[in-house]
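Undergrad: Below are the structure tokens for one structure; questions will follow.
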Amino acid sequence: MRFPVTLAIFALACSHAQSGDEDHWSFQPLTETTIPVLSPQPENPIDAFVRARLAEKNLAPSQEAPPESLLRRLHLDLTGLPPGPDDISDFQKRWQTDPHAAYTGAVDELLASPHFGEHWGKHWLDVARFGESDGYLGDTLRPWAWVYRDWVIDAINKDMPFDQFSIEQLAGDLLPNPTQGQRAALGFHRNSLKNTEAGADRELDRTKRVVDRVATTGTAWLGLTLACAECHDHKHDPVSQREFYELYAFFNNLEDTDISYRIEKEWKAYEEKLAKWKADLRELETDLEKLPKPDFHSGSKGETRWTAIHPDKVEAGGTDLKIEDDGSILASGKVPSTVTYFIESPVKEERNVTAFRLTLRGEFGEGREKGLPVGRSPSGGMILSMFFPDQIIDGKAKRIALAAAHASHDDGGKAEETILPTTDGWKISSRHFRDHEIIFELKAPLTLAAGSRLKFSLGHKSGSGLLSRHVALSMTDAPEPQPATPLPAQTSWEKKRTEIEKLLAAPPRKPSTKTQSLKEVSEKERRETHIHIRGDYTRSGDRVQPNVPKILPPAIESEAPTRLDLAQWLFAPENPLTARVSANRIWQHLFGVGIVPTSDDLGTYGDRPSHPALLDWLASEYRNNGWSRKKLIRRIVLSETYRQSSHNTQPDLSNELLWRQNSYRVPAETVRDIHLVASGLFEPEIGGPSIHPPLPEFVTAVGRSVKWPESTGPDRYRRGMYIFLKRTVLYPMLTAFDAPDTSAACSRRERTNTPMQALTLLNDPVFFECSEALGRDLYKEHGEDLDTAIDDLFVRTLGRSPKIAERDTLRSAHDDFLRSAKNPELAMIAIARVATNLDEFITRD
Amino acid sequence: MLRDDGLLASDSIRAPHFAPKAKRCIYLFMEGGPSQMDLFDPKPKLNELDGQAMPDSLLEGVKFAFTQKDTARLLGSPRTFQKYGQCGMDMSDLLPHLSRHADDIALIRSMYCDQFNHLPGQLLMLTGSPFRGWPTLGSWLNYGLGSPSRDLPGYVAMTTLGRGLPGGAASWSSGFLPSNYSGSLFRNEGSPVLNLDTPDSINPEMQRRTIEAVNDLNRQRFSETSHPEIASRIRNYELAYRMQSAAPELIDLSDEPESLKEAYGLNREDKTGFAASYARNCLLARRLIERGTRFVSLFLSTWDQHSKLDSELAMNCHISDQPVAALLQDLKERGLLEETLVVWGGEFGRTPLGENRSGFKTVTGRDHHPYSFSMWMAGGGIKGGQVIGETDEIGWGVEKDPVHVHDLHATILHLFGFDHEELTYHFQGRDFRLTDVHGKVVEKLLV
């Protein structure tokens, strides 16, 4: 057995002993920041802070990046999608008349784009360790996890204030009359891993989940590695073990609850379908009424006379059989997968028999009533695998040998096998409402003695409840009984009725979407919280009450504080950490690195801020603007600091002080998205269930019995963030580009650069498909006009025009491709593939 | 041809601080924590005390993953030990193959660490820190020495996965070192690396020309922006291209004699397929270092015997004993062992106590034990045929010559010609090293 990754980290002894540092910078109140005075004074305070620090080192800021770079940077930072050719030409036009207005306009449009919520939602989902399966052996799927993901996207698109956004996720259930959205928000802490493996210690797993919730809350809002205090007082941050369990107490009485979640779009679609279904049904019924109804119970046509067999005893293990007045037998009740009907009948007087007949009865429904098909499977089918008659004389059964079987209709063509002990047999596949019959000829005519009995065994062995529903038996003494007559063609009444049946069988399904939420356990199930001595839940120490760490003001007044109090405390004006942590992360996503680079740890082991005054100014600004993410982002991206060129003109000089913008590879999902957009294959739909792009089998085979239902159609071309996040089968392309493994909160991703990434960009079938689509487009549009094609290719992939040397390089490559491939379209695909493999293509400059 | 120019020079071979004994390393990582007293460290006294409680003095302040201290009892070992080699090294009956190499290996019975859970323990063993984000040993060595291989990565990881690796790719990550020092994960069959095959419609000449054009354009961009990541990207495209032919050749074993494959145990069948897979990985490890790969780590993640210790240990030894011994033999015969360091070990050991986790009906296994465990090394400047250190009579703690993970790391770096205090990387305001602020070279291990 194995601890989840996160928990194992937290359970360890933090080996570097240091005393908790209460004077640590991040615990101090936000400073009243004075904007540095400079000459000339920058308009944006951000620039004043940054330039003041640069001036101390005699450094100058870089010049502004060229407009195309700015536009691509903005698009990638705000929506995670690159600008299209039209965006670029519009922007260039506007820039020529008024650069400032062009830039501000682009910022506002992008902040209003619904793709903004996707991209910034993804940043938050990393912190929320969002995944769509339990994460352990078995890795059970969480089919409704996407509802929370969509809640995040929507909340961010609406610019829900960050305090409300947070409070709903931590304690939405405790708000007065919580809306379904407020309860869906609790999906945040449903993202903990869960061990459902047989033999796992459930209570241990539960306590580890509580620890994860404390730890994630600490990382997400406070930037503290609280879980170090699970086993002992925190070695370097001033959080005692007692305080850890006081936080633990807030989360110790939660239980999972999946609640119905109404999505208007789904209900509208359902109601439209339902109305159409009803109208279709009415129309068919009206048509049916106009048609004459034939008689379907007339039995075999022909001269053979059949005598009904009236049973007096019927029996079947697992289902109910009942003898009707006319001697037929009606099966009902449970539908086991295999069952044999035993039917016995007395022979009252001696008589000869040459054949038996088994009739399957069906009933057409009247009007809207459902019909009764001949079989009992969900689709109305049946398979008779065996038909054995016996004669019982003086209590001893003697098998009556059969020579042949003839059916009126057979969907499997193996009716003759009903007389053999095989599992195949007479098959009526589905929804037959007419009577069917099968005639069994005896090997030799037989005289039945008076006082003996007949016993029939009707075997059904095919599984799926393929049982006969209503049967009748008869026999004849005709020397050459006529075989069963094939059923006549369907009448138009029947066809209509079949259509009605079909429609009745498939009414539109009501939306059943749920969302994963959490709630407090009932009063009588409430647990007390004790310190776990050395983190061992079986060793209870002192009892503790919910409370917040003393190092961070303000103290909570309430005697019995709740999660709601905790959530509100995070946003109390006296609490300096939440604002610093959240402002720092916004900065990080706009510069590639935070003012405190360790955006997950602002404790004593984290980095120091490069610009402490700026961080405090941003934190105050965030709080004072009503926690509007969009307003703070707007403020930052309008700064000259943000708009600097990223060119590394002084390679030996660290950029800690921001004398230039940073340049860095885009996140994994964006690597996929920019390929899709550049190729024109991109499907922009937002939200809904996740997708399963094609994967080689050896990848899915890593987990146990992994189902990966491959997506088809436009779904295949949706954004990387919608790829199903199965924790044991992470999508390899995303992993290759450092998508987190979702087991713990991740506020900053690694950015590796590996040969595997090169192989992925070159050869991954999805990326090659994108190059093909792009190359074909270019060829279709520009044909032999290579220069124009190269211009277009550069705009579509890099958002700029080629330089002369770059054009020459691509031209020369194109010549070689053409010589080698002897196919102008393929040569164009090949240069498209060159462009999508450039470092610049996957870099946000 | 692809161009080598100034950009690639930074990846050429670099000189260590002093003359190295080892130039390559094969690290056999036994994930989960092999039981030392059943394999390497015989404890007659423990067998004698089987079923008795532990002295309280030993239990004080001790943390287990699962064991309930109050009712825990000592668990003797059913294994039989014999002395092997000229040096007379004790080894268990579960290691019939390795025991023939007793004179080649230096067995350390006095390893210890301070992490009792898998992931932190593994991170400590692999990176010198129990936290995520630090470079693994293989990354440090490639950073310090560069890679002599032009066609294959300097650092390759292969796995025989039982329950999977807790750290996943963190087990071969370059942490805060530049990402081109990361290990590359190889599969041992089919296409060894995902996306190794060029799309069908692109012929080999076009693929070559594509990479040439990509790197030409990347160079132009580099000269304009000077971003070091572009230089890494160029190197990685060169390497990716060469890997496309070198990797399939690497895993094609048709030129290896059948007798050798048999010696490694490639033909052995078992229900899980682990035995053959591990044998294949061992043989591939030799092929990798022959082709210049600096560091190969093989993970076998089946060693976590909380229960069914006897049968599962036998299973693990069946999987690994024969291939590991064959690898030593093969390296020796080819004259490679002298400069190839082979390391064998897990992240910690197992308790002398039986594990009585709540819910366990019977005690059949051992819990995690960081206070003492065994590892061994061979080749690459290691003085074979000796045992370092001793544990107490029940195998709880180290009595003599304790070797912390940091000491092990310091020694390994020493073998590669590095002063572990001098091999540093400046990151976020300070110089980091593999051994953090610890580590002492274990002189006894050296030739």
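Residue numbers (our numbering), protein chains in the order written: chain A, 28 to 872; chain B, 869 to 1315. We put the beta carbon where it would ideally sit given N, CA and C, even for glycine.
Is it right to say G1222 (chain B) is buried, meaning 16 or more other beta carbons lie within 10 angstroms of its own, or is it exposed?
TA: Classification for G1222 (chain B): buried.
Undergrad: If we ignore side chains and look at the alpha-carbon of each, how far apart do P829 (chain A) and F821 (chain A) end up?
TA: Computed Cα separation, rounded: 6 Å.
Undergrad: If the cut-off is 8 Å on Cβ atoms, which residues from the region 1261–1285 of chain B count as contacting chain A, listed in chain order?
TA: Under the 8 Å Cβ criterion, the region 1261–1285 of chain B contributes no residue.
Undergrad: Closest by CA to W1320 (chain B), which one among B:Q983, B:P1003 and B:S1069?
TA: There is simply no residue 1320 (chain B) to check, as chain B begins at 869 and stops at 1315 in what is shown.
Undergrad: Report the residue ranges of all beta strand (DSSP E) runs contained in full by the region 109–163 of chain A; include only those spanning at least 3 residues, in chain order.
TA: Counting only runs of 3 or more, we get nothing.
Undergrad: Taking 7 Å as the CB-CB limit, is L1085 (chain B) close to chain A?
TA: Taking Cβ atoms only, chain A reaches closer than 7 Å to L1085 (chain B), which makes this a yes.
Undergrad: Chain B beta carbons: is any one of them nearer than 7 Å to that of R731 (chain A)?
TA: Per-residue confidence for R731 (chain A) stands at a pLDDT of 49, beneath the threshold of 50, marking its modelled position as unreliable; no derived number is given.
Undergrad: Mapping DSSP to helix, strand and coil, what is A476 (chain A)?
TA: If DSSP states are grouped into helix, strand and coil, A476 (chain A) belongs with coil.
Undergrad: Give the residues from the region 681–713 of chain A that approach chain B closer than 8 Å (Cβ to any Cβ), ordered along the chain.
TA: The region 681–713 of chain A vs chain B, Cβ under 8 Å: S690, Y691 and R692.
Undergrad: Hey, could you find the ends of the beta strand (DSSP E) L1029 (chain B) is sitting in?
TA: Looking at the DSSP string, the run of the beta strand (DSSP E) that includes L1029 (chain B) is Y1023 to L1029.
Undergrad: Check whether the region 292–311 of chain A and the region 461–472 of chain A are in contact - that is, three or more C-beta pairs closer than 8 Å.
TA: Verdict: no, contact absent.
Undergrad: Measure the C-alpha to C-alpha separation of R892 (chain B) and H1306 (chain B) and round it to an integer number of angstroms.
TA: Taking the straight line joining both Cα atoms gives about 24 Å.
Undergrad: So with CB distances below 8 Å, who are the chain B contacts of R860 (chain A)?
TA: Going along chain B in sequence order, the residues near R860 (chain A) (Cβ under 8 Å) are I1070 and T1078.
Undergrad: Quick one: which chain A residues come within Cβ less than 8 Å of T1027 (chain B)?
TA: Under the 8 Å cutoff, chain A gives no residues; its nearest Cβ is about 10 Å from T1027 (chain B).
Undergrad: Excluding sequence positions up to five away, which residues of its chain have a Cβ less than 6 Å from the Cβ of V174 (chain A)?
TA: Excluding sequence neighbours, V174 (chain A) sits near A211, Y288 and T542.
Undergrad: Using a Cβ-Cβ cut-off of 7 Å, state whether Y1293 (chain B) counts as contacting chain A.
TA: False, the Cβ-Cβ gap to chain A never drops below 7 Å.
Undergrad: Run through DSSP, which three-state label would L1314 (chain B) get?
TA: Three-state result, L1314 (chain B): strand.
Undergrad: Taking the alpha carbon of S219 (chain A) as the point to measure from, which residue in A:T787, A:A771, A:R838 and A:K849 has its own alpha carbon closest?
TA: The candidate whose alpha carbon is nearest that of S219 (chain A) is A:A771.
Undergrad: For K221 (chain A), name the three-state secondary structure that DSSP assigns.
TA: In this structure, K221 (chain A) counts as strand in the three-state DSSP scheme.
Undergrad: Quick check on P1067 (chain B) - is its C-beta less than 7 Å from some C-beta in chain A?
TA: Answer yes: the Cβ-Cβ gap between P1067 (chain B) and chain A drops below 7 Å somewhere.
Undergrad: Is any beta-carbon of chain A found at less than 7 Å from that of Y1105 (chain B)?
TA: At least one chain A Cβ lies under 7 Å of Y1105 (chain B).
Undergrad: Quick check on the DSSP output: what are the complete alpha helix (DSSP H) runs of length 4 or more inside the region 283–366 of chain A, in order along the chain?
TA: Fully enclosed alpha helix (DSSP H) runs of 4 or longer: 291–316.
Undergrad: Residues of chain B with a CB under 7 Å from the CB of A785 (chain A): which are they?
TA: Correct list: N1104, Y1105 and A1108.
Undergrad: Mind listing which residues of the region 655–683 of chain A have their C-beta closer than 8 Å to chain B's C-betas, in chain order?
TA: If the cut-off is 8 Å between Cβ atoms, the region 655–683 of chain A has S673, H674, N675, T676 and P678 near chain B.
Undergrad: Using only alpha-carbon positions, find the residue among B:T1066, B:E1207, B:G1214 and B:S1169 that is nearest to W1244 (chain B).
TA: Cα-wise, what sits closest to W1244 (chain B) is B:G1214.
Undergrad: Helix, strand or coil for Q677 (chain A)? Go by DSSP, reduced to three states.
TA: Here Q677 (chain A) sits in coil by DSSP.
Undergrad: I need the boundaries of the alpha helix (DSSP H) containing N379 (chain A), first residue and last residue.
TA: Element bounds for N379 (chain A): not the alpha helix (DSSP H) but the beta strand (DSSP E), R378 to L387.
Undergrad: State buried or exposed for A302 (chain A), treating a residue as buried only when at least 16 other CB atoms are found within 10 Å of its CB.
TA: It is exposed - the Cβ of A302 (chain A) has fewer than 16 other Cβ atoms within 10 Å.
Undergrad: Give me the Cα-Cα distance between E70 (chain A) and I663 (chain A), rounded to the nearest whole angstrom.
TA: When rounded, the distance between both Cα atoms is 12 Å.
Undergrad: For R612 (chain A) and K1139 (chain B), what's the separation of their Cα atoms in angstroms?
TA: So the alpha carbons of these two residues sit roughly 49 Å apart.
Undergrad: Does L865 (chain A) get closer than 7 Å to chain B when you measure Cβ to Cβ?
TA: Yes, contact with chain B.
Undergrad: May I have the straight-line CA-CA distance separating G344 (chain A) from T367 (chain A), to the nearest angstrom?
TA: Using only the alpha carbons, I get a separation of about 7 Å.
Undergrad: Taking only beta carbons into account, state which residues of the region 747–760 of chain A come closer than 8 Å to chain B, listed in chain order.
TA: The region 747–760 of chain A vs chain B, Cβ under 8 Å: T755 and P759.
Undergrad: Check the C-beta distance from A499 (chain A) over to S355 (chain A) and give it rounded, since I have them as a contact under 8 Å.
TA: About 4 Å; that satisfies the 8 Å criterion.
Undergrad: Just tell me which of A:S501, A:S479, A:I183 and A:F414 has its CA closest to the CA of G422 (chain A).
TA: Ranking the options by Cα distance to G422 (chain A), first place goes to A:S479.
Undergrad: Check each candidate in A:E521, A:H809, A:G714 and A:F215 and name the one with the smallest Cα separation from E393 (chain A).
TA: Nearest C-alpha to E393 (chain A): A:E521.
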